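Trainee: Dumping the structure here so I can ask a few things about it.
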Amino acid sequence: MMRKIVLSLIASLGLCSLALAQNKQVSGTVTDADGMAAIGASVVVDGTTVGTTTNTEGKFTITAPADATLVVTYLGYETQKVPVAGRTALQITLQEDTTNIEDVVVLGYGSGRKVGTVIGSVDQVKGDKLENRPSNNVADALQGQVAGLSIMTGSGELTTTSTIRIHGVGSISASTAPLILLDGAPISSTTLLSLNQNDIESINVLKDASATSIYGSRAANGVIYVTTKRGRRGSDDVDVTLRTQYSMSSAIKPRLKAMNTEDYLYYMGALIAAQNGLDPYDSDNVLDARNFFVNQRGIDPSVNTNWFDEVLEKNAPMYQVDLSVAGGSQKTSYFFSGNYLDQTGILPNSQLSRYNFRANVDTKVNKWLKMGVNLGIGYQTASQTSSVSNGGRLIANNPLFSTLVIPSYQPCYGADGEVLEWLSVFGSQNPLIVTKYDSNKQNQIYLNGTGFVELTPVRGLTLRSQLSASAFDHRSSSAYSPAMPQVNGPEGIGNAAELFQRSYTWTWTNTAEYKTAFGQDRNHHFTALIGEETIYTGADSFSAAVRGVTSTEFINLNMGVESSGLPSYSKSQFASNSVFGRVEYDYANKYFFDVALRNDASSRFAKDDRNALFWSVGAMWNIKNEAFLKDNTTISDLSLRASYGTQGNSGIADYAFYQYLAPGYPYDGQTVWALANPGTPNLQWEKQGLLTIGANIELWSKLSLEVQYYRRQTTDMLMDIPQAPSSGFTSLPGNVGGMRNSGIDVTLNYDIYASRDWFVNFRATFNYNKNKLTKLWPGAGDEVPYGDFMYFVKGEAFPTYYVQEWRGVNPETGEPQWTGADGEVTSEFSEAVPVNLHKSFVAPYTGGFGVTAQWKGIALTVDFAWVAGNYMVNNNLFFAANSENALSGLNQVTEVLDYWKPDDRYGKKYPSLEYSAQAGGGTQFDSRMLEDASFLRLKNIQLSYTLPDHLMKKTRFIKGLKVYVGARNLWTLTGYNGFDPEVAENVFDTDIYPNSRQWTFGLEFKF
């Protein structure tokens, strides 16, 4: 009897198990916390490839075992695992997920899209790559992070912006900068510089037509989309983060070495001997001439001042404190932050203080209404050192320039240890006190904000209206004191100048987006968006200057006895209106298509040429989702994509097409009017066509490689056409040029090792860009001069260096040699002709690579950036490697000692002393000054330690604590002889503020 009972129980349990294992049809509805349908949510049976998506009502039907678990995923919401447990009807509510924001690519104009479903070429840099960097420049931290994105910080001056390019130079006379968006609102590079990098959630770089054509004329040079941090809805937790860091900056010593006293006096003795007809290679002659020079100038040969070490700061401090609060409720999220930064530059009187505040708040008022505001406001003050780059003069007492040209025999301090204000031996002011009497100060207040209202009146339809503003007021004041030291005492006469600028941009954007899924398995996904956008920009400026100031206490406009020229005032306005649309379709997350259209109307063009239509088409094949590859464990991702589209460029002066008058100097008490612009009424949009083909493959879910080819053709390019001098104008704008940029982007990412405690990753980016000038104005030759030492050359990169070619020193005579008119060698510089050197200041090769390693709470991040193939004119050599300047009393660099000698004739860079000492025998502007500015730079390194959670819990107050040390520009490999190869963006390097090396130490608390 017992045996029968046991067998019956076993049979019953088997039948139950069989029943549970049988497939059943399960239906359900997926909604968000407000009860709105989650359209297109993915519902998959866990552990299988069986899946479906929800319809426009959030409903789904799927066949699954009764004991199965359904995995529900939806963009922007937490993934949920729901046990079926024998049920046939399910109600699933999703919660918002703000922790996986990195999986969302924000392109603007509509909702974000999940990574892997975007056709366009978009690279994302996460906010943690920018946090806690020892720099006040957000853009600088992006260098080497994105293939095809070139970031060059052409000056280390604390208020200078970086030059940003995406896929080369696309225009000559119009703008070459990308469109920068902050939470969907356009901002300037100056605003980007002022942002608190710890407020940034992510930066998306949009590079191809499928991603950028929806922005029309503003996106001719690509788009950089900056997203700031937000709070988290659906949680009562409040995250408080406090960061504090201290940094020290120091100058990177250049390869150029100024002569010490011994070398300089010997060189001068040899030059003076040669100048007097004596043998400059005879040591006795040199010694006699040296002693004559020492006695004549009153030099103390025992003095050996290192002016580089005296002038440039070794440990210039930077303090930064950052506090943020993020949180939310069921309906509202918020993020507030405040930041204070105080930085001292490496040159005298270089200072920056900045305050930033941000408030990002959004709330779901009800099921169909959402509202929000993102507001940033800041204030900064700064002072600048005297240099050519900020409008100063190129004089020996400019701090940076002085480190090369003030002789080392000139003492910096007096016998009492005080700084000498007047350098009596050299005959100049001490560069350490110049900024005490010659100041340049500025202050700026800025605002960037966005407010929006979003409605969902019916399922799948989202209406959004957004109003954005970006504005700043800027004031700069310069004062030159009458107490400035001179050879005979104070100068006695000073001057003052004031400049005020105001700029503002209003952007009003209205969009309607509809999303739906249809078909038997809801595998057809369709999104349509239409919109309208109006942009209004205005700018005002005023400046005035006076001279004759005699007061040393009050140096301002009111203290001058006369004006330095007429006061100036300017006002400009610009407006544009656009309508646009985009349609996206995909089938089963395998085949993706999109089409975009945009019509722009700009006030910068005449009425008949004001409108322009831009469009794009794109397609992507997600091969991984095909049945033949879906279960392949080796290839974890594989896709192909292609796009083509058009864009425009209107980045020109606001009134270039107008003919207008402007006032000049008064005559006979009356205002004089003159023709300021003859006008170009037929001026049109610059046009651009962009083709991109790309492929992405990922192996074993750890090694990914992305390669893309692009071809960017500019037509009707805006150029300044030279005019006859008799016209009274040097040039007029016109749509006459053509240019092509083509190249490849490569991005490699490899998770070398990952375990519970360890994570090691390597990444690298590479870009090759070939720039080619394809067309010039009618009547122009194939080679046309463009500024100093540069030409337009049809068929070559823009611009191309043209300069007299150095052919070395004649080993027999010791005379310099250049290339003459017929290619022959000449020793007469007047007979030398400019030669096409086939070189440009824009680097054709750029990239970066880095390693991230983490073991438990210890993390190491190392980032390198590099550029190759660009050249720069090292103009410092004309002053500091020139015998004529040496004879006039300027110090020289040691490389000038590489001169021809009777017993050392070959491979010399400088001619014989006999030649150099004669009138006109100094260094000429030739190809010796054109130097390779390629560099490899350790851009960032950071070592951090995050204390274990169990220790933090014991405090009952602190949630987390991270301690970190780091450095910026720690090491640079370059063949360039100047102060900094990165200043190549300036073409000429003379007295340009170099980038610095920085060390930092910081703490990050989470409460």
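Under this note's numbering, think of the first position of the sequence shown as 23, with each following residue one higher. Ideal Cβ placement from N, Cα and C applies to all residues, glycine included. Because the structure is a prediction, the values reported are computed rather than measured.
Which residue from G691, K103, V782, W528 puts its Cα closest to that of N208?
Mentor: Reading the sequence as shown, one finds Pro at residue 208 and not Asn. Per the Cα distances, W528.
Trainee: Whether or not the region 687-699 and the region 626-642 are in contact is what I'm after, with contact meaning three or more pairs of Cβ atoms, one per stretch, closer than 8 Å; do they touch?
Mentor: no
Trainee: When you compare each of H496, A854, D767 to D844 by their alpha carbons, which one comes out closest?
Mentor: A854
Trainee: What are the start and end residues of each continuous alpha helix (DSSP H) run of 4 or more residues lying completely inside the region 777-858, in chain order?
Mentor: none
Trainee: Let me know the alpha helix (DSSP H) ranges lying completely inside the region 942-983, each 4 residues or longer, listed in chain order.
Mentor: 971-977
Trainee: Could you check what DSSP says for G686 in three-state terms: helix, strand or coil?
Mentor: Of the three classes helix, strand and coil, the one that applies to G686 here is coil, per DSSP.
Trainee: CB L965 to CB Y986, shorter than 8 Å?
Mentor: yes
Trainee: Less than 8 Å between the C-beta atoms of G1024 and T266, yes or no?
Mentor: yes
Trainee: So, are the CB atoms of A161 and T787 less than 8 Å apart?
Mentor: no
Trainee: Out of P970, L287, A684, which one is the CA nearest neighbour of T916?
Mentor: L287
Trainee: Use the C-beta contact count for D304: other C-beta atoms within 10 angstroms, 16 or more gives buried, fewer gives exposed.
Mentor: exposed
Trainee: Here's the rule I'm using: 16 or more other beta-carbon atoms within 10 Å means buried, otherwise exposed. How should R254 be labelled?
Mentor: buried
Trainee: From A865 to G299, what does the alpha carbon distance come to, in whole angstroms?
Mentor: Roughly 47 Å separates the two Cα atoms.
Trainee: Roughly how many angstroms separate the alpha carbons of W799 and L683, rounded to a whole number?
Mentor: Distance between the alpha carbons of W799 and L683 is about 27 Å.
Trainee: So which of Y824, Y967, I188 has the shortest CA-CA distance to S949?
Mentor: The shortest Cα separation from S949 among Y824, Y967, I188 belongs to Y824.
Trainee: To the nearest angstrom, how far is it from the Cα of V66 to the Cα of G360?
Mentor: 44 Å
Trainee: Report the CB separation of V93 from D68 in whole angstroms; it is logged as a contact under 8 Å.
Mentor: The distance from the Cβ of V93 to that of D68 is about 5 Å, consistent with a contact at the 8 Å cut-off.
Trainee: List in chain order: all unbroken beta strand (DSSP E) runs of 3+ residues lying wholly within the region 599-676.
Mentor: 613-624, 633-644, 657-671
Trainee: Start and end of the alpha helix (DSSP H) containing S199?
Mentor: Strictly speaking, residue 199 in this sequence is Ala, with Ser absent from that position. Note, A199: premise wrong, no alpha helix (DSSP H); not H, not E.
Trainee: Label R978 either buried or exposed according to how many other C-beta atoms from any shown protein chain fall within 10 Å of its C-beta, with 16 as the threshold for buried.
Mentor: exposed
Trainee: Evaluate N897 with the Cβ neighbour count: other Cβ atoms within 10 Å of its Cβ, from every protein chain shown; 16 or more gives buried, anything less gives exposed.
Mentor: buried
Trainee: DSSP three-state label for D885, please.
Mentor: strand
Trainee: Does the region 536-552 touch the region 577-589, meaning 3 or more C-beta pairs lie closer than 8 Å?
Mentor: no
Trainee: CA-CA distance, T121 and I61?
Mentor: Here the model assigns T121 a pLDDT of 46, short of 50, so the residue's position is not dependable and the matter cannot be decided.
Trainee: Counting only runs of 4+ residues fully inside the region 859-926, write out the alpha helix (DSSP H) ranges in chain order.
Mentor: 898-902, 905-909
Trainee: Indicate whether the contact test is met: 3 or more Cβ pairs, each with one atom in the region 641-657 and one in the region 731-738, closer than 8 Å.
Mentor: no
Trainee: How should P479 be labelled, buried or exposed, when 16 other C-beta atoms within 10 angstroms of its C-beta is the threshold for buried?
Mentor: exposed
Trainee: Check whether the region 346-355 and the region 306-321 touch, using three or more Cβ-Cβ pairs below 8 Å as the test.
Mentor: no
Trainee: If you run the structure through DSSP and keep just helix, strand and coil, what is N158?
Mentor: The three-state reading of DSSP puts N158 in coil, since its state is none of H, G, I, E or B.
Trainee: For a test of your reading of the model: does the CB of I321 fall under 7 Å from any non-hydrogen atom of the ligand ZN? Yes or no.
Mentor: The ligand ZN is not among the ligands present in this structure, which contains no ligands whatsoever.
Trainee: Mind checking if A280 is an interface residue toward chain D, Cβ cutoff 8 Å exclusive?
Mentor: Absent from the structure: chain D. Only one protein chain is present.
Trainee: Do you know offhand how far N307's Cα is from G291's?
Mentor: 8 Å
Trainee: So for Y288, helix, strand or coil by DSSP?
Mentor: helix
Trainee: Under 8 Å between the Cβ atoms of I417 and F448?
Mentor: No.
Trainee: In angstroms with no decimal places, state the Cα-to-Cα distance between E728 and T78.
Mentor: Cα-Cα distance, rounded: 34 Å.
Trainee: Only counting the same chain, and skipping five residues up and downstream in sequence, which positions put a Cβ closer than 8 Å to that of L203?
Mentor: Result list for L203: G130, I209, V245, I246, Y247, V248, in chain order.
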